[in-house]
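> In the order they appear, the protein sequences are chains A and B. Each number in my numbering comes from the position in the first sequence (counting from 1) with 4 added on. Each number in my numbering comes from the position in the second sequence (counting from 1) with 374 added on.
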Amino acid sequence: GAGVSQSPRYKVAKRGQDVALRCDPISGHVSLFWYQQALGQGPEFLTYFQNEAQLDKSGLPSDRFFAERPEGSVSTLKIQRTQQEDSAVYLCASTESGTYNEQFFGPGTRLTVL
Amino acid sequence: AQSVTQLDSHVSVSEGTPVLLRCNYSSSYSPSLFWYVQHPNKGLQLLLKYTSAATLVKGINGFEAEFKKSETSFHLTKPSAHMSDAAEYFCVVRLNSGGYQKVTFGTGTKLQVIP
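1. Who are the neighbours of residue 478 of chain B on chain A, taking C-beta pairs under 8 angstroms?
2. From B/436, B/405, B/413 and B/410, pick the residue whose C-alpha is nearest to that of residue 427 of chain B; which is it?
3. Can you give me, in chain order, the residues of the region 444-468 of chain B that have a beta carbon less than 7 angstroms from any beta carbon in chain A?
4. So with CB distances below 8 angstroms, who are the chain C contacts of residue 79 of chain A?
5. Taking Cβ positions only, does residue 433 of chain B come closer than 8 angstroms to chain A?
6. Less than 8 angstroms between CB atoms is the rule here; does residue 420 of chain B satisfy it with respect to chain A?
7. Measuring CA to CA, which of B/417, B/448, B/411 and B/416 is closest to residue 425 of chain B?
8. Out of B/385, B/485, B/388 and B/432, which one is the CA nearest neighbour of residue 407 of chain B?
9. Between the C-alpha atoms of residue 52 of chain A and residue 80 of chain A, what's the straight-line distance to the nearest angstrom?
10. Could you tell me the alpha carbon to alpha carbon distance between residue 60 of chain A and residue 391 of chain B, rounded to whole angstroms?
11. Within the continuous beta strand (DSSP E) that includes residue 83 of chain A, where are the two ends?
12. Using beta-carbon positions only, say whether residue 32 of chain A and residue 50 of chain A come within less than 8 angstroms of one another.
13. Step through the CB atoms of chain B and report whether any lies within less than 8 angstroms of the CB of residue 43 of chain A.
14. Which word fits residue 92 of chain A, buried or exposed, when buried means at least 16 other C-beta atoms lie within 10 angstroms of its C-beta?
15. Please return the same chain residues whose Cβ sits closer than 7 angstroms to the Cβ of residue 477 of chain B, not counting the five positions on each side in sequence.
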C-alpha cells in the first residue's frame, strides 16, 4: 500500500519567496504531524492535526509558518518570506489515533533558501 | 513537560560486537517510547516501541530495548552489530494528554560499525 508521500522532494527558494510543501498521509490516518529537521539534528515538532483540527501549533517558529489540513487528509505547510534559517528537511508523519500507534514518516522535503 | 536525552552523539563499534545506545527521558505522565532509525537519505523507520505491556521490547533487525521506570531510561541494544546497522538512531517520547499528543525526539546517536 502507499505510504506517506511529500512533494516536492527538493525545493530551492530565494530569500523572501513563499513556499508550500505538501503532505499526503496514509489513507484513513487521523493524526498528522509536521517536523523540521535541521542538518545534523533530530526532528523538531512543528504542528499536529487531528482530522482537520490543528490541535497544537506550538512548535511553529514564527508567524511566517502556517499549516492547514482543510479536509482532514492532505496537509500543506506554507512558509512566507523564507529566510536562510528556514533551510532544513521538513518531515510529515501520519498515524492512526492512539498514543501507541506508530508514526509513519514521509521521505521529507529538503528546503534550501539562498 | 517532557524531554529526551540521548547521551551519546556518536557510538563506534566493531562488527559482531554488542551495541548500546542510551536514552533517558523525563515526563510528567507515563509516556510511550519509541526508537527510530534513519539511514542516509532514507526516511525514518520504526525499530520498536514501548506500550506498557512489557518492559523488555523486541524490535526489528535484532534490536531490543528495556524500559526502566526507576532509571527513566529506555536504552537500545543489539547483541551483535552488523555493517548495515550503521545509521542514525532517535529515541522518541510521546504523550497523550487530554487528547493532545506531544512528541519529542532526542538529538540522535550516529552509529558507526567498523569492519
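A virtual CB, placed ideally from N, CA and C, is assigned to each residue, including glycine. Just so we're clear, the structure is a prediction, and the values are computed from it rather than from any experiment.
A quick look at the data gives this:
1. What residue 478 of chain B touches in chain A: 49.
2. When only C-alpha atoms are compared, the closest one is B/405.
3. Sequence-ordered contacts of the region 444-468 of chain B with chain A read 464 and 468 [C-beta pairs closer than 7 angstroms].
4. Structure shown: chain C not included; protein chains present are A and B.
5. By this cut-off, residue 433 of chain B is not an interface position.
6. Interface residue, yes.
7. Selected option, being the one with the closest Cα: B/448.
8. For the set B/385, B/485, B/388 and B/432, the Cα lying nearest the Cα of residue 407 of chain B is the one of B/432.
9. Looking at the two C-alpha atoms, the distance is approximately 12 angstroms.
10. So the two alpha carbons sit approximately 43 angstroms from each other.
11. In this chain, the beta strand (DSSP E) harbouring residue 83 of chain A covers 79-83.
12. No, these two residues do not count as a Cβ contact at 8 angstroms.
13. At least 8 angstroms separates the CB of residue 43 of chain A from every CB of chain B.
14. Flag for residue 92 of chain A reads buried.
15. Answer for residue 477 of chain B: 466 and 468, listed in chain order.
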